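Step one of this worksheet: look at the structure below.
Protein chains: 2
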Amino acid sequence: MFDLKAYIAEKGGLVDSYLKSYFGFEVAPALLKESMAYSLFAGGKRIRPVLALASYEACGKDPAKIVPYASALELIHTYSLIHDDLPAMDDDDLRRGKPTNHKVYGEAMAILAGDGLLTEAFRMLAAPQDGTTPSALLGVINDVAEKAGLWGMVAGQVQDMLSENPAAAPPMAGDLRDEVTFIHIHKTARLITASVRMGGLLACADAAGLSLLTGYGESIGVAFQIVDDILDLKGETAHLGKTAGSDLRKGKLTYPAVFGLEESSRMAEGLVEKAVGALGSFGAQARPLRAIARYIFERTK
Amino acid sequence: MFDLKAYIAEKGGLVDSYLKSYFGFEVAPALLKESMAYSLFAGGKRIRPVLALASYEACGKDPAKIVPYASALELIHTYSLIHDDLPAMDDDDLRRGKPTNHKVYGEAMAILAGDGLLTEAFRMLAAPQDGTTPSALLGVINDVAEKAGLWGMVAGQVQDMLSENPAAAPPMAGDLRDEVTFIHIHKTARLITASVRMGGLLACADAAGLSLLTGYGESIGVAFQIVDDILDLKGETAHLGKTAGSDLRKGKLTYPAVFGLEESSRMAEGLVEKAVGALGSFGAQARPLRAIARYIFERTK
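So the protein lines, in turn, are chains A and B.
Residue 277 in this note's numbering sits at position 274 of the first sequence, and the numbers go up by one each step.
Residue 43 in this note's numbering sits at position 40 of the second sequence, and the numbers go up by one each step.
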């Protein structure tokens, strides 16, 4: 029986240790580092780095080798949370049970801490390590930048914001179902897909393997956000680490709001099964990836 | 007689054409692209890309070959201006004679347009082109990320902000002269240095050549910001494209404020001479770099 909890604890621990030693440096001004570290070490589960490690492992490689690159994904994820929480954006006071970055350090520092984390992520990705090739790294940088930026997360966040305030924005073509799907694919699934693909790209997986990993990542990415929507609606503030029901109050477009709770849950389950199915030709080494997919849906129970 | 104006017009034109064709794509949501393009095509002189091209030329290569990489520098510069102008930062209404990005598109979109430009810059840098090697590109990405982020521009912007409000921030070690020098080196000179070094790194310059280019970049970078300070103090709003005297009103730490106007002007002139001197062993192919250095000081007259 595969113990996912132990796997995430162990692999997340590798990422945590790496990030702690990486951020052991002194930065001037010291407050900049303090602000970045505040959000980076706020108790995130390191799911995106763990996905990169698990995907590398699924390709038959030793995940410990790519911890520095996997860790860069957490810098990008953290920057996106800091910027999303800003007053001009989601205006959130609480994140993972703690005051948000701008509540502690002010808006200007929060914007700059996010900018610093995003930029440093690319510096981490561009540092050659044993066992990688420059062209594999360039492929990763290209893919991560595509899926974190205009073609992914940033576009999803823009649409999310526009959808909250439909009077101020030109409507998207299609209906609300297309709109919420666009948001979830871009805002959440693309960076998760890049995380899974990182393992494949660094392991020099062939095109067929990479395509399977991509399908897996896209499916769990959307499932992950649907489950987040469901938890926001059903959850308790203490458990979520943020204010429950906040999506509804903000008029956010969510799966439960558009498809209903039961149908959303069925869709998440279907996506998880699809993700597991996508890994068909991967053997026992893909157990962690399969278990992570199933765990995503288990969270709704 | 070398015609710098024609050189900048021609090389800046190459960058402009490339950026226009690059941003020919459709992005969803369309407003995101509109907001990015608004600032990217607001009449910037493309000085950082031109420096990269001139530096590549100084190494004996054809600058047309690296236009895509040089152009990425303009995305980074543009993102930094959009974020700097935000209400939480410098709160500027006018940039290059036009309303700032957040004045037109709102704060949330301005933050996200900046995030999108920064991320896309790294995507541009990671796309292999003829005549470059993956390891030279990785070197460029590493260097640009270092000098645009925690170790450069972002740190400079943080210190700039802290220095405006000394009551709220722990004082820096040293006096105001150290503080304003720290700000100018980090906020302005580092990205300019990365621009100059990009040409050297892509031309595979040897360590000695790279070191000369670095010295040149550091000197003109600080000179450039001192001249900007002087122009802000002396200038007219129409000529500057921003509100003249705004540094003074904001309590910004500038060279004229700390060293006086005459001494600042002498320092800028000295740095320009130092920069030209640093290019000693480069021949006629470094004429554009020499002319750009001298032009920086000419702007004060």
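Don't be surprised by glycine CBs; every beta carbon is placed ideally from N, CA and C.
Model, not experiment: these values are computed from the prediction.
Local conformation of residue i per DSSP, three classes
i         : result
B:Lys-253 : helix
A:Leu-282 : coil
A:Leu-277 : Leu is not the amino acid found at residue 277 of chain A; the sequence shown has Lys there. Three-state DSSP puts A:Lys-277 in a helix.
B:Leu-89  : coil
A:Leu-141 : helix
B:Lys-64  : coil
B:Lys-48  : coil
B:Leu-153 : coil
A:Arg-99  : coil
A:Gly-4   : The displayed chain sequence assigns Met, not Gly, to residue 4 of chain A. Reduced to three states, the DSSP call for A:Met-4 is coil.
B:Ala-148 : helix
A:Glu-29  : coil
B:Ala-206 : coil
B:Lys-304 : coil
A:Asn-104 : helix
A:Pro-131 : coil
A:Gly-263 : coil
A:Gly-218 : helix
B:Asp-178 : coil
Cutoff 6 Å; reference residue i; Cβ partners in own chain excluding five residues on either side
i         : result
B:Asp-93  : Asp-87
B:Leu-236 : Pro-259
B:Pro-52  : Val-18, Ala-73, Ser-74, Leu-76 and Glu-77
B:Thr-81  : Ser-42, Leu-43 and Leu-120
A:His-189 : Gly-155, Ala-158 and Gly-159
Rounded straight-line distance, which links the Cα of residue j to that of residue i
i         : j         : result
A:Ala-278 : A:Val-199 : 12 Å
B:Lys-8   : A:Lys-68  : 51 Å
B:Leu-140 : B:Leu-256 : 36 Å
B:Leu-336 : A:Val-30  : What the structure shows of chain B is the stretch from 4 to 304, and residue 336 of chain B is not part of that stretch, so it cannot be assessed.
B:Phe-318 : A:Phe-26  : Lying before the first or after the last residue shown, residue 318 of chain B is absent from chain B, which here runs from 4 to 304.
A:Gln-160 : A:Gly-254 : 14 Å
A:Leu-234 : A:Ala-287 : 31 Å
B:Leu-179 : B:Ala-151 : 23 Å
B:Tyr-72  : B:Ala-148 : 13 Å
B:Leu-166 : B:Ser-268 : First, the amino acid is wrong: residue 166 of chain B is Ser here, not Leu. Approximately 22 Å, taken between the alpha carbons.
B:Leu-54  : A:Ala-289 : 48 Å
B:Ala-129 : A:Ser-214 : 21 Å
B:Glu-60  : B:Gly-283 : 15 Å
A:Cys-207 : A:Ser-58  : 12 Å
B:Lys-23  : B:Arg-98  : 20 Å
A:Pro-90  : B:Leu-216 : 42 Å
B:Ala-111 : B:Asp-118 : 11 Å
A:Leu-56  : A:Val-70  : 7 Å
B:Pro-66  : A:Asp-95  : 47 Å
Assigned exposure category for residue i - 16 Cβ within 10 Å defines buried
i         : result
B:Asp-209 : exposed
B:Gly-100 : exposed
A:Gln-132 : exposed
A:Gly-2   : It is not possible to answer for residue 2 of chain A, since the shown part of chain A is limited to 4 through 304.
B:Lys-64  : buried
B:Met-201 : buried
B:Thr-136 : exposed
B:Ala-211 : exposed
A:Phe-285 : buried
A:Ser-83  : buried
A:Asp-163 : buried
B:Asp-250 : buried
A:Gly-134 : exposed
A:Glu-123 : buried
B:Phe-185 : buried
A:Asp-6   : exposed
B:Gly-142 : buried
B:Met-4   : exposed
A:Gly-220 : buried
B:Arg-252 : exposed
Contact set for residue i: own chain, Cβ-Cβ below 8 Å, skip 5 residues either direction
i         : result
A:Leu-274 : Ser-222, Ile-223, Val-225, Ala-226 and Ile-229
B:Tyr-21  : Val-70, Pro-71 and Ser-74
Beta-carbon proximity list for residue i, same chain, < 7 Å, skipping 5 on both sides
i         : result
A:Val-104 : A small correction: the amino acid at residue 104 of chain A is Asn; Val does not occupy that position in the sequence shown. Only Ser-38, Tyr-41, Ser-42, Ile-85, Asp-88, Ala-113 and Ala-116 meet the Cβ criterion.
A:Lys-48  : Ile-11 and Gly-15
A:Val-183 : Leu-256, Thr-257, Tyr-258 and Val-261
A:Asp-146 : Ala-197, Arg-200 and Leu-204
B:Ile-299 : Ile-223, Ala-226, Phe-227, Val-230 and Val-275
A:Phe-28  : none
B:Cys-62  : Gly-202, Gly-203, Ala-206, Ala-208 and Gly-212
Requested in this report: Evaluate the contact criterion for the segment 187 to 194 of chain A versus the segment 155 to 166 of chain A: three or more CB pairs, one atom per stretch, below 8 Å.
Outcome: Result yes; three or more Cβ-Cβ pairs closer than 8 Å.
Query raised in the report: Are at least three pairs of beta-carbons, each pair with one atom in the segment 30 to 47 of chain B and one in the segment 295 to 303 of chain A, less than 8 Å apart?
Result: No, the segment 30 to 47 of chain B does not touch the segment 295 to 303 of chain A.
Requested in this report: Could you name the residues of the segment 127 to 138 of chain B whose beta carbon sits closer than 9 Å to any beta carbon of chain D, in the order they occur along the chain?
Outcome: Considering every chain present, this structure includes no chain D. Its protein chains are A and B.
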